[in-house]
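So the protein lines, in turn, are chains A and H.
The first sequence begins at 1 in my numbering and counts up one residue at a time.
The second sequence begins at 444 in my numbering and counts up one residue at a time.
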Amino acid sequence: MANKINSILFLIALVGMYCFYLFLPPQFVSEGEKRKLAEFPKLTYKSYLNGSWAHSMDDFIDDHFPFRDKFISMADIFHASKGIHLRHQEKIFIGKKDKQFKPNEEDTNHVKMNFKDDFDEAYSGSLLILDGSVYPVGGGSPRMSKYFSAMLNEYASKLSGKGRVFSVVAPLSSAFIPVLKYRKFNKQNKETLLAIKSSLANGAIFCDVFNELDKHGNEKMYFSTDHHWNATGAYYAYVAFCRGAGILPVELNKMEKKIKYNFLGSLYQLTRDPSVKANPDTLVYYVPMVTTTAVRFNENNFEKPIKASVFSHNSSGGNTYLTFLGGDAPLMKITTSVKNGKKAAIVKNSMGNAFCVYLISHYEEIYVIDFRYSNHNLIDLIEKNKINDLIFALGMYGAMSNGTINMMRRLAVNNGVPKYVPPVVASDTNKIVLPVIDTIKIE
Amino acid sequence: MVFSSLTFIYLFLPLALLFHYITPNKFFRNISLTAFSLAFYAWEEPMWIYLMIFTAIFDYYMALLIERWSGNRKAKIIMLITILVNLSLLIFYKYGGFLYDNLSAIAQLPFDRPKNSLPVGISFYTFMVISYIVDVYRGQLKAQKNPLNFLMFISLFQHLVAGPIVRYSQIGEQVDSRTIDWSRFSAGISRFCLGLFKKILIANVAGALVTKYLDAGFNDLSTIEAWFGITMFSVQLYFDFSGYSDMAIGLAKMFGFDFDENFKHPYAAQSVGDFYRRWHISLGKFFRDYVYIPMGGNRKLQLRNIMVVWLLTGIWHGASWNFALWGFYFGSFMIIEKLLENFLKKLPRFLRHTYTLILIIFSRAIFYFVDFSQLKIFVGHLFYSKNPVGAGFTTDLLEHLFWFVLVVLFCIPWDEIYPSDTKVSLDVSRYYQTMKPAINIVMLFLATMLLVNSSYNPFLYTRF
């Protein structure tokens with residue numbers, strides 16, 4: 001009898017899942033993972049022979065498995081039950097390699113580049129989980145800083161006499177880990193960012209973001225569960241920029257303070273560590289007393305502007321960082337109530353979003369260009385709109401990668417047509433230069 | 444395709460069972476099983492199916508010729524040619540690149556390095572056909588007359604990708620005709636679920652720790668971390684392989700076949716010789732019956748025979764010198780054990796076990812590091828490392844504490860401590876018989892949960 005029950009139960013489990021698949025409503029996106037689920041692969045002779053159809057079919061079955069979200073949540077419980085979790089712990093997390101969203105070199109017809117986020121693009125090290133906070137460890141490499149500076153110098157040369165070029169690069173959060181034994185990352189970040197300064201030429205202006213943040217090292221300037229800085233960290237970068245630009249920063253107490261709770265960001269999604277989950281972030285942000293209107297454009301042109309806003313007060317949960325600019329767009333134009341005739345263009349990745357919002361107090365018009373998605377010509381944009389300041393505001397991940405540096409360089413020659421851009425090859429070695437953001441070993 | 448995938452468990456397996464049991468007709472069942480086996484094999488690498496079908500057809504006819512000329516000198520020649528052809532294919536596809544690299548280091552070769560990839564399962568089915576051919580030649584087997592049945596024997600998806608090396612003598616009768624009942628089917632399910640559990644909940648978890656300690660942080664390991672990393676690799680290797688063998692044995696039962704055991708608690712071994720009898724038993728028996736004994740076994744030049752078998756065992760695992768070194772390592776210790784047999788027998792059981800376990804775990808380093816320069820550094824770390832213990836090591840130990848207990852429980856040879864006729868064993872068996880439907884469903888559920896979780900692939904920003 002037990003044999004029959006055993007057999008029938010097992011078969012029911014197998015067939016039951018298939019029935020659930022047929023009768024449950026189909027899912028197309030995974031909100032938690034922020035991605036499209038795999039589509040049913042088209043079977044061709046070639047795709048079958050080279051095995052890609054089978055791989056895609058495996059992905060499809062994995063992605064559309066009944067109750068997938070619930071299984072994933074329960075897996076967290078299993079991992080938490082393997083042993084003892086202490087509240088105060090340090091731990092190294094090594095993520096799995098991403099297999100999707102790689103630029104396709106062969107496909108010349110695609111109209112949208114699937115560049116990965118700069119964090120994925122450039123960060124190759126491990127993550128340190130310490131007391132419920134996640135830190136991408138390391139501090140970049142002075143060697144790579146030269147390539148970033150060289151790109152800035154090219155822009156400074158092109159805009160000579162027409163506008164200023166600024167470097168606003170955020171250090172990694174590891175620079176400010178509040179534990180003595182991790183101080184080496186502070187030094188490493190500092191050296192990397194100062195190397196940008198020492199290689200700048202043609203009048204390009206270095207904003208000492210590291211120094212400004214370091215002065216406030218005991219404050220919370222980065223999220224615990226996300227790879228971005230928070231509004232406080234971005235504010236100190238803004239102060240550093242103002243110092244470089246020769247303007248007075250607006251004090252925080254002259255802005256409207258707002259608060260959002262329960263933010264579990266990207267680094268929680270990556271690690272799914274229980275101690276991180278128990279330590280959600282609170283976003284305190286500041287809205288300058290300036291009236292603004294904003295529109296965003298697609299990656300290729302200036303047609304069909306879409307209404308946007310500098311702050312997205314409704315963003316919440318895992319999307320809380322979208323509070324700043326409402327997220328990433330290829331090009332965003334902000335018009336402010338400030339009347340001083342000054343205009344700025346900001347070339348940024350997502351780290352720049354929290355920084356950009358403070359600049360609305362100082363410019364009449366601000367053009368925010370996300371170098372990962374925009375195919376607009378930056379030089380044309382600056383010349384046609386008589387832009388005074390070109391600001392490169394990004395996280396260190398972006399400044400430490402050949403792929404992303406090349407994307408920024410490409411903005412100068414874009415013609416609105418997307419195309420694949422291979423990584424830069426270093427002239428001295430003939431080899432691709434990889435970002436050096438190290439894996440952790442604590443002495 | 445692999446057994447431990449959602450595609451296999453929830454798509455392939457139900458369909459294969461449905462088509463197999465839809466009719467009691469033996470011929471249709473064999474047709475269906477062969478078709479599903481070929482589809483299983485062709486899932487990711489369809490081009491290699493031709494090679495396997497060629498092997499099956501070639502060996503089918505050669506066996507018939509050998510049987511026809513049995514006792515004649517021609518039979519021996521055909522047997523040798525057949526073995527040579529099979530081994531040549533294996534050598535070309537598995538060791539072609541390795542041989543080219545080594546020969547080209549000595550002399551300029553007039554051809555380019557072979558670019559082919561390794562056909563899945565070739566190491567297993569080549570040995571299966573060799574054992575079949577030799578057994579037919581020896582007159583121990585009657586050659587299979589039905590080519591479809593022979594193709595089914597070679598291509599059975601249950602053993603195709605990762606063994607065990609099934610001999611025709613074991614399942615020849617079942618190839619022609621097999622009986623299936625609830626008891627056998629149920630036992631197959633239990634074994635499959637156990638294997639799946641071992642693979643997903645033990646081997647894969649150990650694998651994540653191996654990646655962390657032996658790949659990512661390799662250069663900065665402290666001595667304790669190096670031992671931890673290589674121990675985890677030992678756990679991963681055993682549970683991965685034995686889990687897969689369990690699934691193969693279970694699946695075979697579900698379709699009416701009986702495969703022999705391939706692992707018997709190898710980490711409970713009392714000596715290297717004992718380990719050899721417990722680890723990948725089907726491979727060990729193959730080398731014993733077709734290499735060791737024909738070379739003279741323990742009657743003539745035993746020490747040489749031992750070393751040859753271990754070197755072959757090593758190189759069978761992969762086309763790289765580290766595998767040969769691994770074989771040499773075990774061969775050497777096996778010889779030492781033979782020489783010190785009387786002394787070792789007097790040692791307490793605990794000491795013998797500890798000595799064997801350390802040797803086995805250490806050997807995994809040779810198995811893991813294909814690059815000798817890396818192996819040298821790692822072995823150095825095993826003895827002395829000035830690196831401090833890394834951040835998070837203690838956390839990793841604590842966070843896997845209960846899981847370590849589970850691993851140890853699975854490594855203990857309970858069936859040897861409590862033989863089947865003891866009261867404890869009978870009680871547990873009775874309890875298990877009642878509870879097994881629930882236990883199997885829980886194991887299937889947990890494995891499914893982690894398989895689904897492995898598809899979790901978050902993006903930092905919306906990519907809809």
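Just so you know, even glycine gets a beta-carbon here, dropped at the ideal spot from N, CA and C.
What are the start and end residues of the beta strand (DSSP E) that includes K307/A?
The residue given as residue 307/A occupies position 307 in the first sequence. I306 to A308 is the span of the beta strand (DSSP E), which, as asked, contains K307/A.
L491/A at chain H interface by Cβ criterion, 9 Å
The question about residue 491/A has no answer here: the residues shown for chain A are numbered 1 through 443.
Just to confirm, is the Cβ distance from I61/A to F93/A under 9 Å?
The residue you call residue 61/A lines up with position 61 of the first sequence. The residue you call residue 93/A lines up with position 93 of the first sequence. No, they are not a contact pair.
Taking beta-carbon pairs under 8 Å, can you tell me which members of the region 444–470 of chain H lie near chain A?
M444, S448, L449, T450, I452, Y453, L454, L456, P457 and L460
First and last residue of the alpha helix (DSSP H) that includes D492/A?
No information on residue 492/A is available, as it lies outside the stretch 1 to 443 that chain A covers here.
Counting along the chain, where does the alpha helix (DSSP H) carrying V15/A start and finish?
The residue given as residue 15/A occupies position 15 in the first sequence. Looking at the DSSP string, the run of the alpha helix (DSSP H) that includes V15/A is A2 to F23.
When Cβ atoms are compared, which residues of the region 5–16 of chain A fall closer than 7 Å to chain H?
I5, N6, S7, L9, F10, A13, L14 and V15
From the beta carbon of S145/A, is the nearest beta carbon of chain H less than 9 Å away?
Locating residue 145/A in the first sequence gives position 145, where the first residue counts as 1. Not an interface residue.
How about E780/H: is its C-beta nearer than 9 Å to some C-beta of chain A?
Translated into positions along the second sequence, residue 780/H becomes position 337. Not one chain A Cβ lies under 9 Å of E780/H.
According to DSSP, which residues form a beta bridge with V368/A?
Residue mapping note: residue 368/A aligns to position 368 of the first sequence, counting from 1. Listed as beta-bridge partners of V368/A by DSSP are M332/A and I346/A.
Does DSSP put V169/A in a helix, in a strand, or in coil?
Locating residue 169/A in the first sequence gives position 169, counting from the first residue. The answer is strand: DSSP assigns V169/A an E or B state.
Residue range of the unbroken alpha helix (DSSP H) whose run includes D69/A:
On the first sequence, residue 69/A is found 69 positions in, with the first residue counted as 1. Unbroken alpha helix (DSSP H) run through D69/A: R68 to A80.
Leaving out the 5 sequence neighbours to the left and right, which residues in its chain are closer than 6 Å to R409/A when beta-carbon positions are compared?
Position 409 of the first sequence holds residue 409/A. Hits under 6 Å: M151.
Using 9 Å as the threshold, is the C-beta distance between W53/A and P41/A below it?
As a first step, residue 53/A is located in the first sequence; it is residue number 53 there, counting from the start. As a first step, residue 41/A is located in the first sequence; it is residue number 41 there, counting from the start. Cβ atoms of W53/A and P41/A: closer than 9 Å.
CB contact check: H843/H to chain A, cutoff 9 Å:
As a first step, residue 843/H is located in the second sequence; it is residue number 400 there, counting from the start. For H843/H, the answer is yes, since a Cβ of chain A falls inside 9 Å of its Cβ.
Of the residues G317/A, E212/A and Y321/A, the one placed nearest C242/A, counting alpha carbons only:
The sequence position of residue 242/A within the first sequence is 242, counting from 1. Cα-wise, what sits closest to C242/A is E212/A.
Test item: CB-CB of N883/H and N6/A under 9 Å:
Sequence index remark: in the second sequence, residue 883/H carries index 440 (1-based). Sequence index remark: in the first sequence, residue 6/A carries index 6 (1-based). Result yes, Cβ atoms of N883/H and N6/A sit closer than 9 Å.
To the nearest angstrom, how far is it from the Cα of W468/H to the Cα of F10/A?
Sequence index remark: in the second sequence, residue 468/H carries index 25 (1-based). Sequence index remark: in the first sequence, residue 10/A carries index 10 (1-based). A small fix is needed here, since residue 468/H is Asn in this sequence, not Trp. Roughly 24 Å separates the two Cα atoms.
Could you run through the region 527–552 of chain H and flag, in chain order, every residue whose CB is less than 9 Å away from some CB of chain A?
none
Mapping the DSSP letters down to three states, classify I61/A as helix, strand or coil.
Along the first sequence, one-based indexing puts residue 61/A at 61. In the structure shown, I61/A adopts helical secondary structure according to DSSP, grouped into three states.
Quick one: which chain H residues come within Cβ less than 8 Å of K445/A?
Given that chain A is displayed from residue 1 to residue 443, the structure contains no residue 445/A and the question cannot be resolved.
Between the region 71–80 of chain A and the region 885–896 of chain H, are three or more C-beta pairs nearer than 8 Å?
These segments touch.
Measure the beta-carbon distance from T450/H to D58/A and round it to whole angstroms, keeping in mind my assumption that it falls under 8 Å.
Within the second sequence, the letter at position 7 stands for residue 450/H. Within the first sequence, the letter at position 58 stands for residue 58/A. Right, their Cβ atoms sit about 5 Å apart.
Can you list, in chain order, the residues of its chain whose CB lies under 7 Å from that of G395/A, leaving out five sequence neighbours each side?
Locating residue 395/A in the first sequence gives position 395, where the first residue counts as 1. Here the set comprises D118, A170, N349 and M351.
Interfacial residues, the region 862–877 of chain H to chain A, with Cβ spacing under 9 Å
Listed in sequence order: Q876 and T877.
So I196/A packs on S145/A, CB below 8 Å; how close in whole Å?
Along the first sequence, read from residue 1 onward, the residue named residue 196/A stands at position 196. Along the first sequence, read from residue 1 onward, the residue named residue 145/A stands at position 145. Confirmed, about 5 Å.
Please go through the same chain and pick out, in chain order, the residues whose beta-carbon is closer than 8 Å to the beta-carbon of L546/H, but skip the five residues on each side of it.
Taking the second sequence and counting its residues from 1, one reaches residue 546/H at position 103. The residues are L552.
Contact set between Y899/H and chain A, taken where Cβ atoms lie within less than 7 Å:
Looking up residue 899/H in the second sequence gives position 456. What Y899/H touches in chain A: E33 and I72.
Contacts around G672/H, its chain only, beta-carbon distance under 6 Å, and the 5 residues preceding and following it disregarded
Within the second sequence, numbered from 1, the residue matching residue 672/H stands at position 229. Cβ neighbours of G672/H beyond the five flanking positions: Y656 and L657.
How long is the line joining the alpha carbons of M1/A and F853/H, rounded to whole angstroms?
On the first sequence, position 1 is the one that residue 1/A refers to. On the second sequence, position 410 is the one that residue 853/H refers to. Their backbone Cα atoms lie some 28 Å apart in a straight line.
How far does the alpha helix (DSSP H) with L476/H in it reach, from first residue to last?
Looking up residue 476/H in the second sequence gives position 33. Segment K469 to A485, the alpha helix (DSSP H) holding L476/H.
Considering Cα atoms alone, identify which of K781/H, F729/H and V734/H is closest to L746/H.
Within the second sequence, residue 746/H is the residue found at index 303, counting from 1. Among K781/H, F729/H and V734/H, the Cα nearest to that of L746/H is on K781/H.
Taking the straight line between their C-alpha atoms, what separation do you get for A329/A and Y373/A?
Along the first sequence, read from residue 1 onward, the residue named residue 329/A stands at position 329. Along the first sequence, read from residue 1 onward, the residue named residue 373/A stands at position 373. Taking the straight line joining both Cα atoms gives about 7 Å.
Considering only heavy atoms of the ligand GTP, does any lie closer than 8 Å to the CB of I465/H?
Ligands are entirely absent from the displayed structure, and the ligand GTP is therefore not among its contents.
Whole-angstrom Cβ separation of F730/H and V715/H, contact assumed at under 8 Å?
Position 287 of the second sequence, counted from the first residue, corresponds to residue 730/H. Position 272 of the second sequence, counted from the first residue, corresponds to residue 715/H. About 15 Å; that fails the 8 Å criterion.
Determine, using beta carbons only, whether R68/A comes closer than 9 Å to chain H.
For the purposes of this step, residue 68/A is taken as residue 68 along the first sequence, with counting starting at 1. With 9 Å as the cut-off, R68/A counts as an interface residue toward chain H.
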